[in-house]
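These protein sequence lines are chains A and B, in that order.
Counting in our numbering, the first sequence runs from 388 upward without gaps.
Counting in our numbering, the second sequence runs from 5 upward without gaps.
The block underneath contains the structure these notes are about, expressed in structure tokens.
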Amino acid sequence: MYNRSKIERKKVDLRDLRIPALVFLLVAAWSLALWGLLVADRREQVLATTRRTAWETQAALEEGFDQQLEQLGALRDGWSRFGLGSQAEWQENMRQRLESLPGLASIVWVDAASDRSRFIAAPGESDAAIRRDLAHARAPISGDRLEGPARASSGEAQYRIRLPLSGPDGHAGVLQARFDVTRFLDDLLKARALGFVLSVWWDEEEIFERGERVADDWLPWWRVDGIVSLPLDRHWTIVHRPTPAFAAERLSPTPHYLLGAGLLLGVMLAVVAYQFLLIVRQSKVLAASNRALEQRGVELESRVAERTEALRDAVTELESFNYSVSHDLRSPLGAIQNFAAILEEDYRDRPLDGEGQALIARIQRSARRATMLLEDLLQLSRAGRAALTFEPVDMRALAWETIAQVRAAEREGEGEVEFVVESLPIAMGDRTLLGDVFVNLIGNAVKYTRGCEKRRIVVTGRVVDDECTYEVSDNGQGFDMRYVDKVFGLFERLHAQDDVEGTGIGLAMVARIVKRHGGRVWAEGRIGEGARFSFALPGWEGAR
Amino acid sequence: MSPRPAILLVEDDRDEVDVVLRALEQAGFGGLGIEIARDGVEALAALGLGDGESTNGGGVRSPPRVVFLDLKMPRVDGWEVLRNIRAHPRTSEVPVVVVSSSDRREDIARSYALGANSFLVKRFDRTRPGGYIAEAARYWLELNRTPQ
């Protein structure tokens, strides 16, 4: 029977997961690499933008300082060459300067030698700041100076540019401009570096800040520090950092989606690979099953051929059997017809005399022969067909039962028969069929001793070489050993029908029964001295 | 020389023998001598082909003019007898009519192959039991009318 369980799904074998796992890892690694590249590229873009912005901011700052220096320088040159002019003109002129230069908080001119000074301040500047400016301006300088930035006492970061001057008309002293860092940078950077957090540092001190505050550790690699070269060898550091909103805008989530899709694809491919493995395995199993089936088919065919041949043999045997039966049945029936016809012809118009009676007796005898043949055939059929029931059989008792049965059927006047039954081994076999064996052997012995002197039938038995052997011997007509091969043949007879009645079935049936018990039969005989029929059954532990 | 029976009837069934004998006598062949053999062994003995031939002091008998031979008999069957008849020069020319209740093609073919002159299937004739044997006897006796 084809084994179905072979193709049913087994428990998952860890070894089966190796290839799917490899597939998943490959796809996942590829996705991860792609994700990394994309993310790095985006970051690089953001960083590049930041750098460019920083550079632009830096340039703008430097330009703003240059502008301050340039204008203040022009002012000094004017004063040096043409003098300060009237107070009113000066005030008006300086007010324009205050408006045009972003972050300019005050302009002070002090001539320490003549103790003259002029000043102007942007609206909102305190008197104290002006006084500090005036005091500061009195300090002599040898050249152009940038002072600060520094925190004023009010807390605002500021720086001063101081330029010494000396004019032809005796104008000398210091031109000092104070700038408010916050206002300067607010104005300068108001339209620049949008989306970035800016802070300006000078000497470890933060002097300006714009935009929302972010933690220092927020994506530190996006921080770009620009060095702003101030005039007179001074430096500011301006720090650019993209705001989270700006970064989020640039860093789209596409790479993350790609990574997720890649991992999902990996899982799917792994599942597909696993299923594929299973299919391959199942198809292998199926192929093996197919081969087994084909093999079975070949075996079955050869078995069919064997059986067919056996069947053909059986049919041939059956045909031969049928032929023999019809042949043997035809003779007595034909005789009945023949004698009936003779009776009809000879006694058409006269009463039945002794001869007529004899014809009727012959008809009866033929009818009896036909009946006997049919009965034997039935018995033979039973011997070949019936299922064997094995049981211990007391063969001695069985022999005596048989003898009683045979004696009852024996006709009067045939002469006494002396029966001797010795101790017999207990047999293992079918009681009914072994009874049939004895009926035929003892019955035969009785038949073939008819007309002999001192009829004597002896049944003996013994256990020899793991076999239980039984013998029925008589002192009757015996037979010629030349024809011993025919003794057990079906429908074979060694004597003419009218010498000894018989059908040629009995001994054949004996042979068949013994053979079905796994035993064997044989016979010995001598003309005029008697015959001995023997059979042996397989030995068993109960035989004794 | 012992009287020579013209017909040898080989048949193990005594009823059949009686019917055939009656038919042959009715046909007028009773006076020619009819010998009965009840099986193959007796038949061979009657033809002088048996075991005891060499020790048979009665001398060699001439063969019958026709043999009616049954096939199925105890001990030695009809084919064996037929083979012996054809094998022996003295009897090889004797007409042999096989009489059998078999009408099987292979039995008929085998009989002719072994040298049978004719093959008759046993018939049970309501009007003349054994009459077909008598008719066959008439034909073969006429054909084999050897001078005495």
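Positions of the beta carbon are idealized from the N, C-alpha and C atoms, including for glycine.
Check                                                                                                                                                                                                       : Outcome
So, is the C-beta of residue 747 of chain A closer than 8 Å to a C-beta in chain B?                                                                                                                         : no
Under three-state DSSP, which class holds residue 456 of chain A?                                                                                                                                           : helix
If you measure beta-carbon to beta-carbon, which residues of the region 89–105 of chain B are closer than 9 Å to chain A?                                                                                   : 104, 105
Bridge partners for residue 72 of chain B per DSSP, in chain order?                                                                                                                                         : B:13, B:101
What three-state label does DSSP hand residue 499 of chain A in the structure shown?                                                                                                                        : coil
Roughly how many angstroms separate the alpha carbons of residue 637 of chain A and residue 569 of chain A, rounded to a whole number?                                                                      : 30 Å
So who's on the other strand from residue 778 of chain A, going by DSSP bridges?                                                                                                                            : A:816
I'd like to confirm the pairing. Which residues does DSSP put opposite residue 912 of chain A in its beta bridges?                                                                                          : A:918
Measuring alpha carbon to alpha carbon, tell me which of A:440, A:793, A:823 ends up nearest residue 580 of chain A.                                                                                        : A:440
Should residue 627 of chain A be labelled buried (16 or more other beta-carbon atoms within 10 Å of its own) or exposed?                                                                                    : buried
Are the beta-carbon atoms of residue 115 of chain B and residue 140 of chain B separated by less than 8 Å?                                                                                                  : no
Does residue 864 of chain A come within less than 8 Å of chain B when only Cβ atoms are used?                                                                                                               : no
Does the beta-carbon distance from residue 894 of chain A to residue 859 of chain A come in below 8 Å?                                                                                                      : no
Nearest by alpha-carbon distance to residue 81 of chain B: which of B:95, B:47, B:12 is it?                                                                                                                 : B:47
8 Å is my cut-off, CB to CB: does residue 26 of chain B come that close to chain A?                                                                                                                         : yes
Rounded to the nearest angstrom, how far is the Cβ of residue 100 of chain B from that of residue 89 of chain B, given a contact under 8 Å?                                                                 : 6 Å
Give every residue of the same chain whose Cβ lies closer than 6 Å to the Cβ of residue 60 of chain B, excluding the five residues on either side of it in the sequence, and list them in chain order.      : Confidence is the limiting factor: at residue 60 of chain B the pLDDT is only 45, short of 50, which leaves the residue's position unreliable and the question unanswerable from this model.
Check residue 488 of chain A in the structure and name its three-state DSSP category.                                                                                                                       : coil
Measuring only the C-alpha atoms, how far is residue 407 of chain A from residue 691 of chain A?                                                                                                            : 48 Å
Which of the three DSSP states, helix, strand or coil, is assigned to residue 538 of chain A?                                                                                                               : strand
Is the CB-CB distance between residue 679 of chain A and residue 719 of chain A below 8 Å?                                                                                                                  : no
Under the rule that 16 or more other beta-carbon atoms within 10 Å means buried, what is residue 418 of chain A, buried or exposed?                                                                         : buried
Helix, strand or coil for residue 60 of chain B? Go by DSSP, reduced to three states.                                                                                                                       : Unreliable placement is indicated for residue 60 of chain B, whose pLDDT of 45 sits below 50; the coordinate value is still reported in the next sentence. In this structure, residue 60 of chain B counts as coil in the three-state DSSP scheme.
Identify, in the order they occur along the chain, each residue of the same chain with its Cβ nearer than 6 Å to the Cβ of residue 843 of chain A, setting aside the five sequence neighbours on each side. : 805, 862
Where do the ends of the beta strand (DSSP E) carrying residue 565 of chain A lie?                                                                                                                          : 559–567
With 8 Å as the threshold, decide whether the Cβ of residue 724 of chain A is near any Cβ in chain B.                                                                                                       : yes
Using a Cβ cut-off of 7 Å, which residues of the region 698–724 of chain A contact any Cβ in chain B, in chain order?                                                                                       : 710, 714, 717, 718, 721, 722, 724
Looking at chain B, is there any beta carbon in it that lies within less than 8 Å of the beta carbon of residue 729 of chain A?                                                                             : yes
By Cβ distance, which residues of its chain are closer than 6 Å to residue 657 of chain A, with the 5 residues on each side in sequence left out?                                                           : 407, 410, 411
Between which two residues does the alpha helix (DSSP H) containing residue 551 of chain A stretch?                                                                                                         : Unbroken run through residue 551 of chain A is the beta strand (DSSP E), 544–553; no alpha helix (DSSP H).
According to DSSP, is residue 874 of chain A helix, strand or coil?                                                                                                                                         : coil
How would you list, in chain order, the residues of chain A whose beta-carbon sits under 9 Å from the beta-carbon of residue 110 of chain B?                                                                : Those do not exist, as residue 110 of chain B stays about 10 Å from chain A at its closest Cβ, beyond 9 Å.
Quick one: is residue 12 of chain B near chain A, going by C-beta distance under 8 Å?                                                                                                                       : no
So, does the region 720–734 of chain A touch the region 130–150 of chain B, judging by three or more C-beta pairs under 8 Å?                                                                                : yes
Cα separation between residue 907 of chain A and residue 28 of chain B?                                                                                                                                     : 48 Å
Looking at the unbroken alpha helix (DSSP H) that takes in residue 927 of chain A, where does it start and where does it end?                                                                               : Here residue 927 of chain A belongs to no alpha helix (DSSP H), and DSSP marks it neither H nor E.
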